[in-house]
Amino acid sequence: MKHTLPHRRPLYRRVKDHILAQIRSGTLAPGSLVPSENQLVTKFGVSRMTANRALRELTHDGYLDRVPGVGTFVNEVPHQSSLIELRNIADEISSRGHRHQCKIVELRKLKSSRRLAARFEARPGTVLYRITAVHLENGVPVQLERRHINSLAAPLFLQQNFAKLTPTAYLLSVAPVDELEHHVRAVLPDRQAQRLLRISAREPCLELHRRSWSGGDVVTEVTLTYPAGRYELRSRYRTSPSGRIASVSSID
18 MKHTLPHRRP LYRRVKDHIL AQIRSGTLAP GSLVPSENQL VTKFGVSRMT ANRALRELTH
78 DGYLDRVPGV GTFVNEVPHQ SSLIELRNIA DEISSRGHRH QCKIVELRKL KSSRRLAARF
138 EARPGTVLYR ITAVHLENGV PVQLERRHIN SLAAPLFLQQ NFAKLTPTAY LLSVAPVDEL
198 EHHVRAVLPD RQAQRLLRIS AREPCLELHR RSWSGGDVVT EVTLTYPAGR YELRSRYRTS
258 PSGRIASVSS ID
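Plus 17 on top of the position in the sequence shown (first one is 1) and you've got our numbering.
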């Protein structure tokens, strides 16, 4: 398995990931002026070509808007090509003025099976972390999270207080995402989901499977189960005249 540690990433990726982390944390809000190429050269000690590549790729990805002669700004709506963008459920719930709570069911280290290792593009026996958690909105379970994590990408994962910081928020802070894979299907809940989500065996659920990469490595694989009667996955896209996706404007 290729292990790409932050300090060994290409210089343009370090600049790009730094800006992307500031956008995701809100430090650089929509409409904010992004540091110029010259400022990035000074801050990171990189060449102008390296700084230009970082800004150019973020612009191509839809995060930035470069205005010739004026500057580079954070876009109001980041462009996405994925069916469903990665969002922190705690932020979604808080944005509705509701109370988020996370209950940890399982948190441990394990050695990957052959099947699981293949999902992480790793060798069998590779050390992974596993977390099972339930997310509640105003005391009502709305999401069951069952996740495996690359221990090299997030070595301090087991030491985090997930009652205060969701796994998604923590992983984004240590391994900014550059690629996502999503699969969604309708399912009936298994026994664990029935118990933790407080639903019957006949209640339909939406199940979202997601893998994310950072620096070429698989960082995490997660299955998120939502009771269909309590939560919905919804997307609204900007499209070209031919119907191709230009950006994601909202996803709940």
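Quick reminder that beta carbons are idealized off the backbone N, C-alpha and C, glycines included. On a predicted model such as this, the values are computed, not experimentally measured, just so you know.
Supposed close pair residue i, residue j - CB separation, criterion 8 Å
{"i": "Val-151", "j": "Leu-213", "result": "5 Å"}
{"i": "Ala-210", "j": "Pro-221", "result": "So it is not a contact: roughly 11 Å between Cβ atoms."}
Among the options, the one whose alpha carbon lies nearest that of residue i
{"i": "Pro-244", "options": "Glu-138, Pro-47, Leu-153, Ser-53", "result": "Leu-153"}
{"i": "Ile-67", "options": "Ala-218, Leu-28, Phe-174, Arg-227", "result": "A quick correction: the sequence has Thr, not Ile, at residue 67. Of Ala-218, Leu-28, Phe-174, Arg-227, the residue nearest in Cα terms is Leu-28."}
{"i": "Arg-219", "options": "Glu-238, Glu-198, Gly-246", "result": "Gly-246"}
{"i": "Val-84", "options": "Ala-107, Lys-60, Val-51", "result": "Val-51"}
{"i": "Ser-53", "options": "Arg-65, Ala-46, His-117, Thr-44", "result": "Arg-65"}
{"i": "Asn-167", "options": "Ala-192, Asp-108, Asn-55", "result": "Ala-192"}
{"i": "Tyr-146", "options": "Asn-55, Ser-42, Ser-49, Leu-173", "result": "Leu-173"}
{"i": "Ser-130", "options": "Gly-142, Ile-121, Asp-195, Thr-59", "result": "Gly-142"}
{"i": "Glu-162", "options": "Ile-121, Pro-47, Glu-109, Ser-190", "result": "Ile-121"}
{"i": "His-200", "options": "Ser-111, Arg-132, Ala-180, Arg-227", "result": "Arg-227"}
{"i": "Val-144", "options": "Arg-26, Asn-69, Leu-127", "result": "Leu-127"}
{"i": "Asp-78", "options": "Leu-37, Ser-112, Arg-113", "result": "Leu-37"}
Contact under 8 Å by Cβ, residue i with residue j
{"i": "Leu-124", "j": "Ile-148", "result": "yes"}
{"i": "Leu-57", "j": "Val-63", "result": "yes"}
{"i": "Glu-238", "j": "Arg-136", "result": "yes"}
{"i": "Arg-104", "j": "Gly-232", "result": "no"}
{"i": "Arg-116", "j": "Asn-178", "result": "no"}
{"i": "Val-87", "j": "Leu-45", "result": "no"}
{"i": "Ala-107", "j": "Ala-186", "result": "yes"}
{"i": "Thr-183", "j": "Cys-119", "result": "yes"}
{"i": "Leu-241", "j": "Gln-176", "result": "no"}
{"i": "Asp-207", "j": "Trp-230", "result": "no"}
{"i": "Lys-33", "j": "Leu-81", "result": "no"}
{"i": "Arg-41", "j": "Leu-189", "result": "yes"}
{"i": "Val-236", "j": "Glu-138", "result": "no"}
Residues bridged to residue i (per DSSP)
{"i": "Lys-126", "result": "Tyr-146"}
{"i": "Gln-118", "result": "Leu-153"}
{"i": "Asn-167", "result": "Leu-145"}
{"i": "Asp-234", "result": "Ser-231"}
{"i": "Phe-90", "result": "Leu-50, Asp-82"}
{"i": "Pro-158", "result": "Leu-153"}
* Ignoring anything shorter than 3 residues or poking outside the segment 184-227, list the beta strand (DSSP E) runs there in chain order. => 196-204
* Would you list, in sequence order, the uninterrupted alpha helix (DSSP H) runs of no fewer than 4 residues that lie entirely inside the segment 49-81? => 54-61, 65-77
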